Amino acid sequence: MFLLASDLIIVGSNCKSASKSIDSRLSKEWKTFVEDSKSKGTIYIAFGTAIHWDGAPQHVIDAFIDAINELEEYRIIFSWNGEFPKNAKSHVKFTKWAPQMAILLHPKTVLFITHGGLKSLKESLCAEIPVILMPMFAEQAHNSKYALKLGIGGILNKFELTKEKFLTTIQKVLINYTFF
């Protein structure tokens with residue numbers, strides 16, 4: 001038999017009034033970048049504060065930079081914890097910090113690439129943005145499988161990452177994933 005306490009109300013997870021039509025939270029600097037008229041949309045990349053890119057294997061950094069350099073029709077914001085790469089093209093904006101939820105809610109944002117932490121996954125769900133997850137540790141692999149089950153994104157394997165696999169996953173998610 002299943003009983004609930006009289007003071008317990010199960011409400012599940014919820015999203016704070018996330019609305020795609022509200023993009024006034026972005027500063028002028030961010031808006032100017034994401035609203036570039038030549039852009040097909042914004043791809044936001046963030047792996048949280050625990051991932052230090054200066055310690056990442058060079059082949060992983062090369063795969064990321066080489067792939068995003070080829071996506072010139074998009075604006076890419078990369079929240080990068082480390083020294084910014086010098087070989088990225090002008091459509092890529094590296095930053096130590098970004099207004100994540102405001103970027104995800106912006107109507108031009110088309111994809112979120114992240115480690116799959118619970119907060120990031122929830123924010124992608126609330127913003128209704130397809131997601132590519134590359135789990136690093138903890139619950140992130142489980143969260144990634146959950147995202148696949150929901151049909152809202154793809155997964156990259158950090159041990160098998162190449163520029164080609166990264167670009168193929170991005171193209172598949174941009175073409176195939178929509179929110180219900």
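For the sequence shown, full-length UniProt numbering begins at 1 and goes up steadily by one.
From the three backbone atoms N, C-alpha and C, an ideal C-beta is built for every residue, glycine too.
Owing to the predicted nature of the structure, the values given are computational and were not obtained by experimental measurement.
Give the C-beta separation of residue i and residue j to the nearest angstrom, bearing in mind that I take them to be a contact with Cβ-Cβ under 8 Å.
{"i": "Ile-76", "j": "His-91", "result": "6 Å"}
{"i": "Phe-78", "j": "Ile-45", "result": "5 Å"}
{"i": "Tyr-74", "j": "Ser-39", "result": "6 Å"}
{"i": "Phe-33", "j": "Lys-93", "result": "6 Å"}
{"i": "Gln-140", "j": "Glu-123", "result": "Gln-140 to Glu-123, Cβ: 14 Å. No contact."}
Is the CB-CB distance between residue i and residue j below 8 Å?
{"i": "Phe-112", "j": "Val-131", "result": "yes"}
{"i": "Thr-109", "j": "Gly-41", "result": "yes"}
{"i": "Leu-26", "j": "Ile-43", "result": "no"}
{"i": "His-52", "j": "Asn-87", "result": "no"}
{"i": "Leu-104", "j": "Ala-127", "result": "yes"}
Ignore the nearest five residues each way along the sequence and tell me which others in residue i's own chain have a CB closer than 8 Å to its CB.
{"i": "Leu-121", "result": "Thr-114, Val-131, Leu-133, Asn-143, Tyr-146, Ala-147"}
{"i": "Tyr-177", "result": "Pro-130, Gly-151, Ile-152, Gly-153, Gly-154"}
{"i": "Lys-172", "result": "Gly-154"}
{"i": "Pro-57", "result": "none"}
{"i": "Thr-49", "result": "Asn-81"}
Helix, strand or coil for residue i? Go by DSSP, reduced to three states.
{"i": "Ile-152", "result": "coil"}
{"i": "Thr-49", "result": "coil"}
{"i": "Ser-79", "result": "strand"}
{"i": "Lys-96", "result": "coil"}
{"i": "Phe-137", "result": "coil"}
{"i": "Ala-167", "result": "First, the amino acid is wrong: residue 167 is Leu here, not Ala. Correct three-state label for Leu-167: helix."}
{"i": "Leu-111", "result": "strand"}
{"i": "Ile-132", "result": "strand"}
{"i": "Thr-42", "result": "strand"}
{"i": "Ala-88", "result": "coil"}
{"i": "Thr-32", "result": "helix"}
{"i": "Cys-126", "result": "helix"}
{"i": "Lys-172", "result": "helix"}
{"i": "Lys-56", "result": "In the sequence as displayed, the identity of residue 56 is Ala instead of Lys. In the structure shown, Ala-56 sits in coil (DSSP, three-state: anything other than H, G, I, E or B)."}
{"i": "His-142", "result": "helix"}
{"i": "Leu-161", "result": "coil"}
Given residue i, which residues of its chain have a CB within under 6 Å of its CB, disregarding the five upstream and five downstream residues?
{"i": "Lys-165", "result": "none"}
{"i": "Ile-68", "result": "Ile-76, Val-92"}
{"i": "Asp-66", "result": "Lys-163"}
Leaving out five residues on either side along the sequence, give the residues of the same chain with a beta carbon under 7 Å from the beta carbon of residue i.
{"i": "Trp-97", "result": "Ser-79"}
{"i": "Leu-161", "result": "Val-60, Ala-63"}
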